[in-house]
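Plus 142 on top of the position in the sequence shown (first one is 1) and you've got this note's numbering.
First the structure, in the form of structure tokens, and then the observations on it.
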Amino acid sequence: MAKLSKRMTHLVKQVETLGALPVVDAVSKLKGLEETLPAKIKRTKFDQTVEVAVRLGVDPKQADQIVRGSIVLPNGIGKSKTVLVFAQGANADAAKAAGADYVGGKDLADKIKAGWVDFDAAIATPDMMGVVGPLGKVLGPRGLMPSPRAGTVTQDVANTVREYKAGKVEFRVDSGGNVHCVVGKLSFTPEQLSENIEALLKYLRSLKPASSKGVYIRNVTVSATFSPGINIAA
143 MAKLSKRMTH LVKQVETLGA LPVVDAVSKL KGLEETLPAK IKRTKFDQTV
193 EVAVRLGVDP KQADQIVRGS IVLPNGIGKS KTVLVFAQGA NADAAKAAGA
243 DYVGGKDLAD KIKAGWVDFD AAIATPDMMG VVGPLGKVLG PRGLMPSPRA
293 GTVTQDVANT VREYKAGKVE FRVDSGGNVH CVVGKLSFTP EQLSENIEAL
343 LKYLRSLKPA SSKGVYIRNV TVSATFSPGI NIAA
């Protein structure tokens, strides 16, 4: 196991005895961690990303217990996503008007097959899936493959583009039963981060599989890019 830096060792000591806190208290503690650093330890100068990790009481090996979804958080995530759209005709025009960064068909598919993946979200109209389907091996592992279940295969490309440009986030439970999701930036106010976290947890609860037994949300932590996780009382 890698040795912790002096910075991380100090921050871990600040949170290791806290226990599980209400959302707003956990967020306030997270935002104040940098202020506890001694003068000899440099503070980060960029706006750290804040992420929530949730351990679910599901078995991802069971198809009916795969938890996935997408949500537009109340306060966005502090970043405008680069959005690619597979569409043609009027749908392509609508995507461009809504702010899509890249719009096309076979031309984009060929670029992706050659290794280009310089975008954060991919959306497709149903009639373009013949072009998009073969890209699964490239886009799937990166979480970028358009999917009806995720709402990224749709006729309503304009609204979907606007949602992703506003910071819509996707998540999918991993093999260990965990969901990781960006919920904003450390510069957000405690209220903004708390609202985003509460909205995410509420949505996750609504996705509980009928076949999942026992405690569903088992553990929740919030962390920033260079901070330890703080437990949240879910």
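Just so it is clear, CB atoms sit at the ideal spot from N, CA and C, and this is done for glycine as well.
In three-state DSSP terms, what is residue i?
{"i": "Arg360", "result": "strand"}
{"i": "Thr294", "result": "coil"}
{"i": "Val165", "result": "helix"}
{"i": "Gly326", "result": "strand"}
{"i": "Arg185", "result": "coil"}
{"i": "Val321", "result": "strand"}
{"i": "Ser353", "result": "coil"}
{"i": "Ser289", "result": "coil"}
{"i": "Ser365", "result": "strand"}
Between which two residues does the alpha helix (DSSP H) carrying residue i extend?
{"i": "Ile339", "result": "332–348"}
{"i": "Asn301", "result": "299–307"}
{"i": "Ala376", "result": "Looking at the DSSP string, Ala376 is not in any alpha helix (DSSP H), and its letter there is neither H nor E."}
{"i": "Arg149", "result": "148–157"}
{"i": "Val280", "result": "278–281"}
Let me make sure I understand the geometry here. Which of the options has the alpha-carbon closest to that of residue i?
{"i": "Ser348", "options": "His152, Lys182, Arg210, Leu163", "result": "Arg210"}
{"i": "Asp189", "options": "Lys344, Thr367, Gly199", "result": "Thr367"}
{"i": "Asp235", "options": "Val303, Pro370, Thr191, Ser170", "result": "Val303"}
{"i": "Leu346", "options": "Ala205, Ser212, Thr191", "result": "Ser212"}
{"i": "Thr151", "options": "Asp167, Pro164, Thr178", "result": "Thr178"}
{"i": "Leu335", "options": "Val194, Ile254, Lys182", "result": "Val194"}
{"i": "Ser329", "options": "Leu163, Pro351, Glu176", "result": "Glu176"}
{"i": "Ile372", "options": "Ser222, Leu163, Ser147", "result": "Leu163"}
{"i": "Leu277", "options": "Asp298, Val364, Leu250", "result": "Leu250"}
{"i": "Ala292", "options": "Val214, Phe261, Lys173", "result": "Val214"}
{"i": "Asn233", "options": "Met270, Ile254, Arg149", "result": "Met270"}
{"i": "Pro180", "options": "Leu172, Lys171, Leu153, Lys203", "result": "Leu153"}
{"i": "Ala168", "options": "Glu337, Ala352, Ser147", "result": "Glu337"}
{"i": "Leu226", "options": "Glu333, Phe261, Gly218", "result": "Phe261"}
{"i": "Lys221", "options": "Gly326, Pro332, Val295, Pro283", "result": "Gly326"}
{"i": "Gln230", "options": "Glu333, Val362, Gln297", "result": "Gln297"}
{"i": "Lys182", "options": "Gln207, Arg149, Ala205", "result": "Arg149"}
{"i": "Arg284", "options": "Tyr306, Gly257, Val273", "result": "Gly257"}
With 9 Å set as the bound, which would you pick, yes or no: does the beta-carbon of residue i sit closer than that to a beta-carbon of chain B?
{"i": "Gly309", "result": "You won't find chain B in this structure, because it holds only one protein chain."}
First and last residue of the beta strand (DSSP E) that includes residue i?
{"i": "Val273", "result": "Val273 -> not in any beta strand (DSSP E); alpha helix (DSSP H) instead, spanning 271–274."}
{"i": "Glu312", "result": "311–314"}
{"i": "Ala256", "result": "It is not in any beta strand (DSSP E) - Ala256 carries neither H nor E in the DSSP assignment."}
| query | Are there three or more Cβ pairs, one per stretch, closer than 8 Å when the segment 309–329 is compared with the segment 242–251? | reply | Output reads no: the segment 242–251 does not touch the segment 309–329.
| request: Say whether the segment 223–240 touches the segment 331–351, bearing in mind that this needs 3 or more beta-carbon pairs closer than 8 Å, one atom from each stretch. | output: Taking 8 Å as the limit for Cβ pairs, the verdict is that the segment 331–351 does not touch the segment 223–240.
| said: Does the contact criterion of 3 or more C-beta pairs under 8 Å hold for the segment 196–214 versus the segment 346–366? | reply: Result yes; three or more Cβ-Cβ pairs closer than 8 Å.
| request: Please go through the segment 188–254 and give each complete beta strand (DSSP E) segment of 3 or more residues, from N-terminal end onward. | output: The segment 188–254 contains these whole beta strand (DSSP E) runs: 191–198, 210–213, 225–228, 244–246.
| the segment 152–165 / the segment 319–328 touching (three or more Cβ pairs under 8 Å) | With the cut-off at 8 Å, the segment 152–165 and the segment 319–328 do not touch.
| message | Three or more C-beta pairs under 8 Å: does that hold for the segment 175–187 against the segment 292–309? | response | In the pairwise beta carbon analysis, the segment 175–187 is classified as not touching the segment 292–309: fewer than three pairs are separated by under 8 Å.
| said: Measuring CB atoms only, is the segment 282–301 touching the segment 255–271, in the sense that at least three cross pairs come out at less than 8 Å? | reply: The segment 282–301 makes contact with the segment 255–271; the number of CB pairs closer than 8 Å reaches 3 or more.
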